[in-house]
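Residue numbers (full-length UniProt numbering), protein chains in the order written: chain P, 1 to 474; chain S, 1 to 474. Single-structure report; data block below.
2 protein chains.
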Amino acid sequence: MASVKSALSYASANFAESVQDLASFIRFESIGTDTKYKRQTAACAGWLAKHLKQIGLEHVQVFATKNHPVVYADWIRYPSKPTLILYGHYDVQPVEPIQEWVRAPFKPIVSGNYIYGRGASDDKGQLLAHVKALEAFLKTQRQLPVNVKCVFEGEEEMGSPNLQNFLHTHRDLLKADVAVLSDMAIMAKDKPSLTYALRGSLSVELEVRGQGVDLHSGNFGGAVHNPLQVLCELLAKLHDASGKIAIPGFYASVKDYEQQERAYMARYGPTDKEILQNARAAKGWGEEEFTAYERTTIRPSLSINGIVGGYQGQGVKSVIPSKASAKLNFRIVPNQDPYVVEKLFRQYIKKLTPATVTTHVHANLHARSYEIGVRHPVLQAGKLAYARGFGVAPVLTRIGGTIPVLSLFEEELNIPSVLLGFGLPDDRIHAPNERFYLPNFLKGIHTCIWFMAALSKYKLSAKKTGKAAVVSEP
Amino acid sequence: MASVKSALSYASANFAESVQDLASFIRFESIGTDTKYKRQTAACAGWLAKHLKQIGLEHVQVFATKNHPVVYADWIRYPSKPTLILYGHYDVQPVEPIQEWVRAPFKPIVSGNYIYGRGASDDKGQLLAHVKALEAFLKTQRQLPVNVKCVFEGEEEMGSPNLQNFLHTHRDLLKADVAVLSDMAIMAKDKPSLTYALRGSLSVELEVRGQGVDLHSGNFGGAVHNPLQVLCELLAKLHDASGKIAIPGFYASVKDYEQQERAYMARYGPTDKEILQNARAAKGWGEEEFTAYERTTIRPSLSINGIVGGYQGQGVKSVIPSKASAKLNFRIVPNQDPYVVEKLFRQYIKKLTPATVTTHVHANLHARSYEIGVRHPVLQAGKLAYARGFGVAPVLTRIGGTIPVLSLFEEELNIPSVLLGFGLPDDRIHAPNERFYLPNFLKGIHTCIWFMAALSKYKLSAKKTGKAAVVSEP
């Protein structure tokens, strides 16, 4: 306990420096999805590796992948204590629409209790909370409570396309008992929550190709089937009037949850009103028989993320584009297989495609959903850590987002993961003016300190996570 | 006749220089719709004014408007001969999608029988055919066959927003008997056509606004009505299954054409096959009871020109955009009023808008359709000019495009217009790799020479054009 106390004190006393380090981290334009930023993304990885070395981690390595590197470091001392993988990602989302940012996305600024910048919350700030917890132990004790291996990737926002191969190739190096990651929001500033389930994700691009060239809509309007029109007509058929996804067979394998689980969700989860407030939405939408919390966690969704086709500039352009495409994102739930969903989508689109055009589907992300048993010892360690770090016991929550690495850790390393989120629902992740609430950055560092301390008391060995979650009030 | 012959010879002998002048003209990035190009557009006007002065026109003036200037010049000598307005536009369409251009759009190049570049056909090449005809007369005779006033504007591609005011303000300066303009395609290389009717145009922007901020489609997918989805659902309701526009009341005032007119169109107009070949479309689409030629001329159309919303970049971005909008373009036909169409559209959208979002309609172009009586003397002069310039009599045609200036000339100056097109259907106007067929550039100059010569024999006075066109085989 003495070691924990001095680590906590160190973290508090050096918090201003931690904020400065976070600002330095945000300054890198590590937009992993856009090849234009490859060099800046690599520079970001280099900075992170150097920082890990500076705080006292060992075997620091930047592993090249086909795209953006994985930053690795470890500290291994105890044969009989658990080994913890710290996972995080240093890549960030694109910044469009850039004109809606009040400040430049990569010039972080502290204003009030927030630090603003792309990646502040997702995931640079949350990743750094763990790093700062390691620093606190190493600077005050010259040791950590458990064995630690850091795995920080640069491709999370593009669906971690090379991570599975990395984990598989280095499965001996990465042998561990449990992984921890922080890449989500808690329910509110003083209401920590421990995520035990996430939705999976399937991203597809649907392209409609019509005539061979762009046409003048004056000269040709009325004679050809505008691909942009066909695209809209197809997209309009993806949902029915009740808000359900209209793809035949889509709901066939969706898991039904027991009343006990839904009652727990209703009691401890966010209300419809809270979710709509966070979304700044006047009205909700979707399957009437489910709450907004359920619709975003235990129910699948399908979102149009963007449409490309025709003229998007200022003013008018009388064009019938030769092709048009839409970026679509499914969020899928337990028992749904992303590859089956892709197949059903392809069949449906094929059936709907009129003879005047051709359609083409390209899938670029397949991630299963994730659930961990609520009585799992690592989840108990997480609960304890939050209770100490935030001074209040966490609620067990589901979130609607996806962290593909969770199922990869399970598949490749056969270990469970625990998710310690330090973000807030209004952090505007993936949107303009992203920010991170600084008091939770410090509480996050403290929580990470407590988590390692709690974990050091468990005897763990690699085992399967309990996929069939039994929820009871903790 | 001697004067015509020497002018024709001059035009042929100096054609290489004319092509060079056209290349110089194309090099100006005169994208009038985009404020970024304001300076280049002004420079283009300056070049044109200088060129008019060099060839011997008088009273050359660059009139400022609220946006892009009007280039004016005249040559007035004969109290008893007709005065002809030469109208053209030096502004061009945007170049997106830029990556589909094989060569840079503003670095014109001659390859085979074509000159390539944005504006080569629409309208710089066709405008210059008239200028080169003036030059041929002035260099060989030191005089023109008729009085001439040049009115070259820089805002045609944005709907000529300041032209009406310009014509109204300068209606004494612009007093004339007839206008001629060349801003369209003939039917084929050796098949000239004389356009006697055009559709009108109404451009509207439809915006759907949902929640106040962009959201993560993982965290919020399923809880809010995605504005991009709503937009698609609205756009999908603009046409019915038969290809008709589904806006209630839309067809109420659409003019019915007599069998005589439709028979003439069927006999001399392009076939469905030809139109689809020009469009590089495998299959046609639209109102079954009309031919493709009819569907693009005497029937209205509604095209989606572009959709703005969500993420359009490389890769994926899990976003539910807070708003989305579509650029729409109606082409309207005789007896339809663009303001009535706008009203009907607004009513329909209002009725369809779900309670989860708000919709906003912005109209930015209202142009009526245009028809001139086929027995009108200026049309006869045009027929003669084509017959001599191309060596073959023209077919009288309708086109689906819009030249808003036609109804403005009628309303403000009370004069008819004749349309001598020199473009080809596959010039790719408004699309990547626009080009102009050089043999028709020369034939166009010759046709303009013949047109002025023919016109010099008519006694004309300002009169209303016959709006109710009686079509009979010429």
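We treat Cβ as the ideally placed atom computed from N, Cα and C, and that holds for glycine. Keep in mind the model is a prediction, meaning the values are calculated, not measured.
Asked                                                                                                                                                                                         : Found
Count the other C-beta atoms from every protein chain shown that fall within 10 angstroms of the C-beta of P/D240, then say buried if there are 16 or more, exposed otherwise.                : exposed
Would a C-beta distance cut-off of 7 Å place S/A393 and S/A454 closer than the cut-off?                                                                                                       : no
Any beta carbon of chain S sitting closer than 7 Å to that of P/K464?                                                                                                                         : Because P/K464 sits at a pLDDT of 39, beneath the cut-off of 50, its placement in the model cannot be relied upon, and the following sentence gives the value as read from the coordinates. P/K464 does not count as touching chain S.
Is there at least one Cβ from chain S nearer than 7 Å to residue 483 of chain P's Cβ?                                                                                                         : Because residue 483 of chain P is not part of the residues shown, which for chain P are 1 to 474, the question remains open.
According to DSSP, is S/Q260 part of a helix, a strand, or is it coil?                                                                                                                        : helix
Within the continuous beta strand (DSSP E) that includes P/I399, where are the two ends?                                                                                                      : 395-399
What do you get for S/S80, buried or exposed, if any count of 16 or more other CB atoms within 10 angstroms of its CB means buried?                                                           : exposed
Output yes if chain S places a C-beta closer than 7 Å to the C-beta of P/Y437; else output no.                                                                                                : no
So which residues on chain S does P/V146 lean against when the C-beta distance must stay under 9 Å?                                                                                           : Under the 9 Å cutoff, chain S gives no residues; its nearest Cβ is about 30 Å from P/V146.
If I measure Cβ to Cβ from S/L8 and keep anything under 8 Å in the same chain, skipping five residues before and after, which residues do I get?                                              : A136, H446, I449
Counting only C-beta atoms, is S/W285 closer than 7 Å to chain P at any point?                                                                                                                : yes
Grouping DSSP H, G and I as helix and E and B as strand, with all else coil, what is S/I320?                                                                                                  : strand
Using a Cβ cut-off of 9 Å, pull out every chain P residue sitting near S/P432, in sequence order please.                                                                                      : V213, D214
Chain S beta carbons: is any one of them nearer than 7 Å to that of P/L228?                                                                                                                   : yes
Does S/Q143 come out as helix, strand or coil in the three-state DSSP assignment?                                                                                                             : coil
Classify residue 475 of chain S: buried if its beta carbon has 16 or more other beta carbons within 10 angstroms, exposed otherwise.                                                          : Residue 475 of chain S falls outside the range modelled here, since chain S spans only 1 to 474, and no answer is possible.
Hey, is S/Y37's beta-carbon within less than 7 Å of any beta-carbon in chain P?                                                                                                               : no
Where DSSP assigns a beta bridge to S/A197, which residues make up the other side?                                                                                                            : S/E371, S/R398
Give the residues of chain S in contact with P/E96, contact being defined as C-beta atoms less than 7 Å apart.                                                                                : Y311, G313
At 8 Å on the CB atoms, spell out the chain S contacts of P/K327, in chain order.                                                                                                             : G310, Y311, V316, K317
Would DSSP call P/V450 helix, strand or coil?                                                                                                                                                 : Contrary to the premise, residue 450 of chain P reads as Trp rather than Val in this sequence. Reduced to three states, the DSSP call for P/W450 is helix.
Please go through the same chain and pick out, in chain order, the residues whose beta-carbon is closer than 7 Å to the beta-carbon of S/T465, but skip the five residues on each side of it. : Unreliable positioning characterises S/T465 in this predicted model, as indicated by a pLDDT of 39, which lies under 50. A coordinate reading is not provided.
Thinking C-alpha only, which one of S/E342, S/L181, S/H225 is nearest S/E127?                                                                                                                 : Glu is not the amino acid found at residue 127 of chain S; the sequence shown has Leu there. For the residues S/E342, S/L181, S/H225, the minimum Cα distance to S/L127 belongs to S/L181.
To the nearest angstrom, how far is it from the Cα of S/F152 to the Cα of S/A49?                                                                                                              : 9 Å
By the 10 Å Cβ neighbour count, where 16 or more other Cβ atoms means buried, how is S/I115 classified, buried or exposed?                                                                    : buried
Here's the rule I'm using: 16 or more other beta-carbon atoms within 10 Å means buried, otherwise exposed. How should P/S242 be labelled?                                                     : exposed
Residues of chain P with CB under 8 Å from S/L365, in chain order?                                                                                                                            : V316
Any contact of the segment 338-355 of chain P with the segment 180-197 of chain P, i.e. 3+ C-beta pairs under 8 Å?                                                                            : no
Considering just the uninterrupted stretch of the alpha helix (DSSP H) at P/V15, what are its terminal residues?                                                                              : Reading off the sequence shown, one finds Phe at residue 15 of chain P, where the question assumed Val. Segment 15-26, the alpha helix (DSSP H) holding P/F15.
State whether the segment 421-440 of chain S contacts the segment 357-370 of chain S, with contact taken as three or more CB pairs (one from each stretch) at a distance under 8 Å.           : no
Could you give the residue range of the alpha helix (DSSP H) that holds P/V95?                                                                                                                : Segment: none, P/V95 is in no alpha helix (DSSP H) and carries neither H nor E.
On the three-state DSSP scale, how would you describe P/G119?                                                                                                                                 : coil
What is the residue span of the alpha helix (DSSP H) that P/N305 lies within?                                                                                                                 : Segment 301-308 is the beta strand (DSSP E) holding P/N305; no alpha helix (DSSP H) there.
Run the CB neighbour count on S/V418, radius 10 Å, all protein chains shown included, and call it buried at 16 or more, exposed below.                                                        : buried
If we define contact as Cβ-Cβ less than 7 Å, is S/A104 a contact residue for chain P?                                                                                                         : no
For chain P, find out if any of its Cβ atoms is closer than 7 Å to the Cβ of S/F25; answer yes or no.                                                                                         : no
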